[in-house]
Every structure is written in structure tokens, then in C-alpha cells.
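Working notes, beginning with the structure itself.
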Amino acid sequence: MAVKGAGAVTPTKMASRIGAENGRAAQGVATRAALLATARDLFGTRGFAGTSLDDVVGGAGVTKGALYHHFRSKEDLFAAVYEQVQHEVSDQVVVEFLRPDPWEALRLGCKLWIDAHLDPVVQRIAMRDARAVLGWEAVRDVETRYGAVPLRGVLRRCIRTGVVRPLPLRPLALMLMGALTEACFYVADAEDPEQARAEADGLVTSMLTSLLSEPPAPAPPSGRGQRTPGPRPPRSATSTG
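Take the sequence shown: its position 92, counted from the start at 1, is 91 in numbering that gives the first Met the number 0, and no numbers get skipped.
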């Protein structure tokens, strides 16, 4: 009769080990989430320079060793917070980009991109500190992934349906994203943000309208029932890759 060795792994021991490993993994996820949430709040209110790692670990209720297990430095933590912020903004904008009407999807998505960056926390992290802390190339990479790439998708729809003229897609998305970013900066730095927001909205609408395959329909003379100009139905759909 075979006798189990003292070091044999029984099903009970295996289940116990798996449970312990799962518990540690869940704890790690919870710790990282707490660090990101606390850092986001602090970076968004005090700024990068006004926030210390002691502030972060104290607010998150974890040790500094736990912080360094997940993030190499304060800059690394800020980079993760910045990407999280832009990811969340992108998720909101993509909902608009998926509207059935491609013109409305483009127009409202671009408007929401600006509006989302007027939130004080998003503005402080993404508009005021990100470039100084992370550098232009790192910020541009994040903006491209979470801004220009989804924008390219809705522009492709607009071109394929004949709403927008068949322009080179990649540079069009990058340049339009650059314009939206500058609009965010313009409003953020303005003495009168409400006036600046109205100016930015009008200019962005004018830029988008200039891309249309057909001139926009004239507005009603009385002003009643007036809506943002949209494209006339295209004569024929233009296909593009």
C-alpha cells in the first residue's frame, strides 16, 4: 500500500494555496486602486508639485513599500493617473462617436472632449501638469491612443457615408485632435471661461463644417427651431479605407 509522503500536495493543500494566491492578487488590485484614487484626488486639487508620496500613502491607508510595489516613482504614479483620466474621458466621448448619425456623432463627440477637460480635476492633471511632468512625447502618445484613434474611427464613418470629403484620414484626425487640445488650453487659461468656451465651440463647429462634402443647409430666418448646421444628404456615398 502506497504511503503519501510528508511533502505530498493534497487537494486540500492545493485549494488552500490557490485561495491564498487569489487573495493576495485581489489585495494587490485593491491596493493599486486605492493608490490611484487617492493620487487622482490629490493631484487634481493640489497639483503634482503640491502632492507628496507620504500624502498619497497616508490617504490610501497603505505603506510606502506597497506603493513602490506598484509604482516606481511619483512620476510613474502620476503617469498612471493621467492615463486613467484620459481613458475615462475617451470612454465618454466614444459613446457620442457611436451615434447612428455620423455628423452628429462627430460634432457632439468633439464638443464633449472639450467639455470633459473643463472638469477641475481633469483640467489640473491633463492640461496643467501632464506636459511638465511627463514630457510632450508621452502626453502625445496618450492623446493619440485615447483621442485621435477614436476620432479617426468616426471620421472614417463620415467619409464612407459621403458626409465628409475624402481627405487623408490619419493626418486629419491628428490635426483635428491638436485643434481640440488647443481649444481646451484656450478655455482653461481664459479670464472669462464662459466666453472662451462659446468662442471655442463656434470655431470647432466652423472647422468641422468646412470638412463637409456639401455646404450646410441655411438656418431658418426667424431663428426659431434653429439647430447646428448639418450636411445635406450626399449625392453618392464615397468609399474609403
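Heads up, the beta-carbon is just placed ideally off N, CA and C, and yes, glycines get one too. Computed from a prediction, not measured in an experiment: that's the story for all the values here.
Q. Which whole-angstrom value is the C-beta distance of W135 and L179, which I expect to be below 8 Å?
A. At roughly 17 Å, the Cβ-Cβ gap does not stay under 8 Å, so W135 and L179 are not in contact.
Q | Runs of alpha helix (DSSP H) lying entirely within the region 56-138, each at least 4 residues, in chain order | A | Correct list: 63-69, 73-96, 101-115, 129-133.
Q. If you draw a straight line from the alpha carbon of A79 to that of L35, how long is it in whole angstroms?
A. 8 Å
Q.
From the DSSP secondary-structure annotation, give me the bridge partner or partners of V163.
A. L211
Q: Flag L168 as yes when its Cβ comes closer than 6 Å to any non-hydrogen atom of the ligand FAD, and as no otherwise.
A: With respect to the ligand FAD, the structure shown offers nothing to examine, as it has no ligands at all.
Q. For R144, which residues of its own chain have a beta-carbon under 7 Å away from its beta-carbon, when the five flanking residues on both sides are left out?
A. none
**Q.** Residue range of the unbroken alpha helix (DSSP H) whose run includes E181
**A.** E181 -> alpha helix (DSSP H) spans 168-188.
Q) Would you report the Cα separation of R155 and E213, rounded to the nearest angstrom? A) 17 Å
Q. Is it the case that the Cβ atoms of F70 and F47 are separated by a distance below 7 Å?
A. Their beta carbons are not under 7 Å apart, which means F70 does not touch F47 by this criterion.
(Q) If contact is defined by three or more beta carbon pairs under 8 Å, each pair taking one atom from either stretch, is the region 54-72 in contact with the region 88-105? (A) no
Q: Please say whether A199 and V186 have beta carbons closer to each other than 7 Å?
A: Yes.
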